[in-house]
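Enquirer: One structure, pasted below without further comment.
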Amino acid sequence: MIELKNIYKAFDDKEILNDISAVFESGKTNLIIGTSGSGKTVLQKCMVGLFEVDSGEIIYDGKPFTLMTQEERKILRQQIGMLFQGSALFDSKTVQANVKFPLDMFTNWDHNKKIKRVNEVLDRVNLNDSNKKFPAEISGGMKKRVGIARAIVLNPKYLFCDEPNSGLDPQTSLVIDILIREITLEYNITTIINTHDMNSVMEIGQNILYLYDGKNEWVGNNKQIIFSKNDKLNKFIFASEFLRDAKDMRMLEEKGIIDNDRNMEDVISDPESNLLMKDNEKREHHPDSE
Amino acid sequence: MKFFTTFGAYLLLLKGMLTKPENFKMYWKELMHQCVEIGIGSLPIVAIISLFMGAVSAAQTAYQLTNPLVSKSALAQVVRDTVILEFAPTLVCIVLAGVVGSKIAGELGNMRISEQIDALEIMGINTKSYLVMPKILAALITIPLLVVIAAVVGIWGGRIAAGMTGIISTDDYDKGLLENFIVFNVWFALAKAYTFAFIISSIPAFYGYNVKGGALEIGRASTTAVVTSCILILFADYALAAILL
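Those protein sequence lines, which keep their order, are chains A and B. For the first sequence, the working numbering puts the final residue at 291, and the numbers step up evenly by one. For the second sequence, the working numbering puts the final residue at 529, and the numbers step up evenly by one.
Pasting the structure below:
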């Protein structure tokens with residue numbers, strides 16, 4: 002578990018984070034969401050010590066990270082895995098060498114044991130035949146998966162993902178999301194994901210922190226977000242009409258008014274229960290639509 | 285003011301790399317890799333430059349040595365001393381500032397921009413130590429060796445040029461090489477080589493490590509690193525000559 006208490010961070014005179022407090026639980030996919038420039042990446046970089054906070058506390062399982070010496074931080078960081086937005090793979094190394102690198106640096110295992118572990122994690126992220134390829138030779142989605150494999154190869158207690166879906170198609174994004182969720186559960190990791198991908202929010206948002214202009218605006222989960230009356234959050238999450246419709250549908254599902262088996266044929270064929278059609282009719286007769 | 289801030293940051297980078305390695309074997313591997321990159325990688329260009337440097341030096345000295353009272357073998361002495369004292373350490377290191385310096389700045393700059401340095405930091409690795417120190421050590425090991433090779437090849441180039449053009453015979457050239465040889469000149473050249481090696485590796489590493497922005501900034505950092513290294517080499521060249529000679 003990672004706890005944040007009253008985090009403040011500014012660059013020169015520009016305030017980036019303003020009194021952020023949150024709890025990120027282990028075994029859950031914790032999401033930090035917000036528009037570009039809302040402070041997500043800065044918050045995550047503060048949490049791993051790439052930036053120093055101006056004030057406030059970051060507590061890793063009861064240990065205050067902000068008060069740790071550099072040596073203590075180095076030890077803690079060996080329990081942290083991070084997936085970067087651009088994957089941050091080492092260009093000059095093969096996929097296998099990239100994933101093996103943390104093992105080379107921090108274990109005294111023999112070569113065969115290291116290769117076995119590398120193959121295990123590559124298998125876990127469904128990359129079985131890319132060991133000898135270089136990062137330039139693989140796709141964006143594969144790079145993300147190699148990044149995940151490298152992040153989990155030392156069995157970390159904490160996993161940070163900075164926009165894991167950026168630049169990926171929706172299908173590949175979903176694969177990455179599901180993979181992160183499975184790994185989180187499997188290894189009971191405290192996973193913190195920065196994202197502004199709405200699919201991720203709805204699919205894996207077990208604990209969501211919404212940042213607005215560097216402030217903690219809303220906390221909840223992917224079920225609560227549907228019913229949230231926070232205007233800023235709703236404008237951000239359900240920005241398009243399509244997403245607003247999806248929200249309405251999900252609300253009806255959650256309230257049990259319609260089935261959530263994703264089979265809408267019954268609803269559409271039954272005029273009495275066709276709430277979606279009614280809703281559309283209403284909109285068509287709304288003065289704004291004319 | 286900016287100068288002091290930059291110089292302070294440079295000193296902090298050097299201080300920051302002096303920590304205990306996380307894994308000695310990996311650091312050794314990286315050091316060997318950098319020795320190959322800097323040393324072996326620069327060998328062809330150093331050999332070509334040195335060969336022509338010696339040949340041109342011989343031809344131009346012969347052009348100026350018109351006094352019949354000066355023995356022909358003096359040409360070899362002039363070529364030898366010029367190559368050892370100035371051409372091999374200074375000229376070669378200025379070329380290396382371009383070749384090696386831009387490579388170091390570009391490599392570290394790219395690693396910074398693509399968050400590879402952050403990735404290493406998150407793993408708990410001291411990146412100043414792991415990425416910068418092996419480069420500086422490798423430069424300190426290989427560049428003096430390259431300077432020695434450059435001196436030998438340069439003198440040999442002068443011999444070829446002298447022999448081929450018939451300025452003097454190769455026997456006279458060899459005889460001249462052994463006359464009035466001052467061993468201190470070699471030590472002086474090595475002192476210069478070590479100083480320049482440190483400049484060539486640490487300045488580009490500083491600019492590359494601290495790149496902020498994108499691809500354009502990597503290019504700018506490389507250029508700044510090379511220009512700064514060249515100026516510092518020339519300054520150090522004069523300072524060492526004034527102090528040691």
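Built from N, CA and C at the ideal position, the CB exists for glycine as well. Keep in mind that this is a model prediction, so the values were computed, not measured.
Rounded to a whole number of angstroms, what is the C-alpha to C-alpha distance between residue 7/A and residue 206/A?
Expert: Here residue 7/A corresponds to residue number 6 of the first sequence, with the count starting at 1. Here residue 206/A corresponds to residue number 205 of the first sequence, with the count starting at 1. If you take the alpha carbons of residue 7/A and residue 206/A, they lie about 23 Å apart.
Enquirer: Below 8 Å CB to CB, which residues in the same chain sit around residue 339/B once its five sequence neighbours on both sides are set aside?
Expert: Stepping through the second sequence from its first residue, residue 339/B is reached at position 55. Hits under 8 Å: 441, 442, 444, 445.
Enquirer: Just to make sure I have the definition right: I need the residues of chain B whose C-beta is within less than 8 Å of the C-beta of residue 79/A. Which are they?
Expert: Residue numbering aside, residue 79/A sits at position 78 when the first sequence is read from its first letter. Residues of chain B passing the Cβ test: 407, 408.
Enquirer: Going by other Cβ atoms of all chains shown within 10 Å of its Cβ, with 16 needed for buried, is residue 101/A buried or exposed?
Expert: Counting from 1 along the first sequence, the entry for residue 101/A is found at position 100. Answer is buried; the Cβ neighbour count reaches 16.
Enquirer: What span of residues does the beta strand (DSSP E) with residue 25/A cover, start to end?
Expert: If you number the first sequence from 1, residue 25/A lands on position 24. Residue 25/A -> beta strand (DSSP E) spans 15-25.
Enquirer: Are there three or more Cβ pairs, one per stretch, closer than 8 Å when the stretch 109-118 of chain A is compared with the stretch 57-76 of chain A?
Expert: Counting Cβ pairs under 8 Å, fewer than three are found: no touch.
Enquirer: Does residue 209/A come out as helix, strand or coil in the three-state DSSP assignment?
Expert: The count along the first sequence starts at 1 and reaches residue 209/A at position 208. Strand, per DSSP.
Enquirer: Grab me the residues of residue 248/A's own chain with a C-beta within less than 7 Å of its C-beta, minus the 5 sequence neighbours each way, in chain order.
Expert: For this step, residue 248/A is matched to residue 247 along the first sequence. These residues qualify, in order along the chain: 227, 239.
Enquirer: With 9 Å as the C-beta to C-beta threshold (strictly closer), list the residues of the stretch 49-71 of chain A near chain B in chain order.
Expert: Within the stretch 49-71 of chain A, the residues whose Cβ lies closer than 9 Å to some Cβ of chain B are 49, 50, 51, 71, listed in chain order.
Enquirer: Give me the residue from 368/B, 401/B, 344/B, 352/B with the minimum Cα distance to residue 437/B.
Expert: Walking along the second sequence from the start, residue 437/B turns up at place 153. Residue 437/B has its Cα closest to that of 368/B, out of 368/B, 401/B, 344/B, 352/B.
Enquirer: Take residue 71/A and list the residues in its own chain whose beta-carbon comes closer than 6 Å to its own, dropping the five residues that flank it on each side.
Expert: Locating residue 71/A in the first sequence gives position 70, counting from the first residue. Contacts found: none.
Enquirer: Which residues in chain B have a C-beta closer than 8 Å to the C-beta of residue 89/A? List them in chain order.
Expert: Here residue 89/A refers to the residue found at position 88 of the first sequence. Going along chain B in sequence order, the residues near residue 89/A (Cβ under 8 Å) are 398, 399, 400, 402, 403.
Enquirer: With 16 other CB atoms within 10 Å as the buried threshold, where does residue 348/B fall?
Expert: Taking the first residue of the second sequence as position 1, residue 348/B is located at position 64. Counting Cβ neighbours within 10 Å, residue 348/B comes out exposed, since fewer than 16 surround it.
Enquirer: For residue 288/B, count the other beta carbons within 10 Å of its own beta carbon; 16 or more makes it buried, fewer makes it exposed. Which is it?
Expert: Taking the first residue of the second sequence as 1, we reach residue 288/B at position 4. So residue 288/B counts as exposed.
Enquirer: Can you give me the C-alpha to C-alpha distance between residue 322/B and residue 34/A, rounded to a whole angstrom?
Expert: Translated into the one-based positions of the second sequence, residue 322/B becomes position 38. Translated into the one-based positions of the first sequence, residue 34/A becomes position 33. Cα-Cα distance, rounded: 45 Å.
Enquirer: Assign residue 85/A to buried or exposed, taking buried as 16 or more other Cβ atoms, counted over all protein chains shown, within 10 Å of its Cβ.
Expert: Counted from its first residue, the first sequence places residue 85/A at position 84. Residue 85/A comes out buried.
Enquirer: Only counting runs of 4 or more residues, tell me where the alpha helix (DSSP H) segments fall wholly within the stretch 35-79 of chain A, in order along the chain.
Expert: Complete alpha helix (DSSP H) runs here, min 4: 41-48, 71-78.
Enquirer: Residues in the stretch 300-313 of chain B with C-beta within 9 Å of chain A's C-beta atoms, listed in sequence order?
Expert: Result list: 303, 306, 307, 309, 310, 313.
Enquirer: What whole-angstrom Cβ distance do residue 213/A and residue 233/A have, given they're in contact under 8 Å?
Expert: The sequence position of residue 213/A within the first sequence is 212, counting from 1. The sequence position of residue 233/A within the first sequence is 232, counting from 1. Yes, residue 213/A and residue 233/A are in contact; Cβ-Cβ is about 5 Å, under 8 Å.
Enquirer: Using 8 Å as the limit for Cβ to Cβ distance, is residue 111/A near chain B?
Expert: Counting from one through the first sequence, the residue named residue 111/A turns up at place 110. False, the Cβ-Cβ gap to chain B never drops below 8 Å.
Enquirer: Does the CB of residue 76/A have a neighbour CB from chain B at under 8 Å?
Expert: As a working note, residue 76/A is residue 75 in the first sequence. For residue 76/A, the answer is yes, since a Cβ of chain B falls inside 8 Å of its Cβ.
Enquirer: Considering residue 307/B, what are the terminal residues of the beta strand (DSSP E) in which it resides?
Expert: The count along the second sequence starts at 1 and reaches residue 307/B at position 23. No beta strand (DSSP E) holds residue 307/B; DSSP gives it neither H nor E.
Enquirer: Quick check: what's the CA-CA separation for residue 259/A versus residue 176/A?
Expert: Taking the first sequence and counting its residues from 1, the one referred to as residue 259/A is at position 258. Taking the first sequence and counting its residues from 1, the one referred to as residue 176/A is at position 175. Answer to the nearest angstrom: the Cα atoms are 27 Å apart.
Enquirer: Just to confirm, are residue 377/B and residue 480/B a CB contact at a threshold of 8 Å?
Expert: Locating residue 377/B in the second sequence gives position 93, counting from the first residue. Locating residue 480/B in the second sequence gives position 196, counting from the first residue. Contact: yes.
Enquirer: Would you check if the stretch 380-387 of chain B and the stretch 446-455 of chain B touch, i.e. whether three or more CB-CB distances between them fall below 8 Å?
Expert: With a cut-off of 8 Å, the stretch 380-387 of chain B and the stretch 446-455 of chain B do not count as touching, because too few Cβ pairs lie within range.
Enquirer: What ranges does the beta strand (DSSP E) occupy inside the stretch 312-336 of chain B, keeping only unbroken runs of at least 3 residues that lie completely in it?
Expert: Entirely contained in the stretch 312-336 of chain B, not one beta strand (DSSP E) run reaches 3 residues.
Enquirer: Between which two residues does the beta strand (DSSP E) harbouring residue 2/A extend?
Expert: Sequence index remark: in the first sequence, residue 2/A carries index 1 (1-based). Counting along the chain, residue 2/A falls outside any beta strand (DSSP E), and DSSP gives it neither H nor E.
Enquirer: Beta-carbon within less than 7 Å of residue 521/B's beta-carbon, same chain only, minus the 5 sequence neighbours each way: which residues are those?
Expert: Position 237 of the second sequence, counted from the first residue, corresponds to residue 521/B. Here the set comprises 374, 476.
Enquirer: For residue 265/A and residue 257/A, what's the separation of their Cα atoms in angstroms?
Expert: For the purposes of this step, residue 265/A is taken as residue 264 along the first sequence, with counting starting at 1. For the purposes of this step, residue 257/A is taken as residue 256 along the first sequence, with counting starting at 1. At residue 265/A, the pLDDT of 48 sits below 50, so the modelled position is not reliable; the number obtained from the coordinates is stated separately. Roughly 14 Å between the two C-alpha positions.
Enquirer: Apart from the five residues on each side of it in sequence, which residues of its chain come closer than 8 Å, Cβ to Cβ, to residue 252/A?
Expert: Working through the first sequence from its first residue, we reach residue 252/A at position 251. Answer for residue 252/A: 227, 228, listed in chain order.
Enquirer: Under a Cβ-count criterion, where at least 16 other Cβ atoms within 10 Å of its own Cβ denotes burial, should residue 21/A be classed as buried or exposed?
Expert: Within the first sequence, residue 21/A is the residue found at index 20, counting from 1. Buried, by the Cβ-count rule.
Enquirer: Could you name the residues of chain B that residue 85/A contacts, counting a contact when the two beta carbons are closer than 8 Å?
Expert: As a position in the first sequence, residue 85/A is number 84, starting the count at 1. Within 8 Å Cβ-Cβ: 399, 402, 403.
Enquirer: For residue 484/B versus residue 425/B, is the C-beta distance shorter than 8 Å?
Expert: What you label residue 484/B is simply residue 200 of the second sequence in a count that begins at 1. What you label residue 425/B is simply residue 141 of the second sequence in a count that begins at 1. It is not a contact, given that the beta carbons lie outside the stated cut-off.
Enquirer: What does residue 20/A reach in chain D if we use C-beta pairs closer than 9 Å?
Expert: In the structure shown, chain D cannot be found, because the protein chains are A and B.
Enquirer: Look at the Cβ atom of residue 128/A, then the Cβ atom of residue 147/A, and state whether they are nearer than 8 Å.
Expert: As a first step, residue 128/A must be located in the first sequence, where it is residue number 127. As a first step, residue 147/A must be located in the first sequence, where it is residue number 146. Taking 8 Å as the Cβ cut-off, residue 128/A and residue 147/A qualify as a contacting pair.
Enquirer: Measure the CB-CB distance between residue 235/A and residue 198/A and report whether it falls below 8 Å.
Expert: The residue given as residue 235/A occupies position 234 in the first sequence. The residue given as residue 198/A occupies position 197 in the first sequence. No. Outside cutoff.
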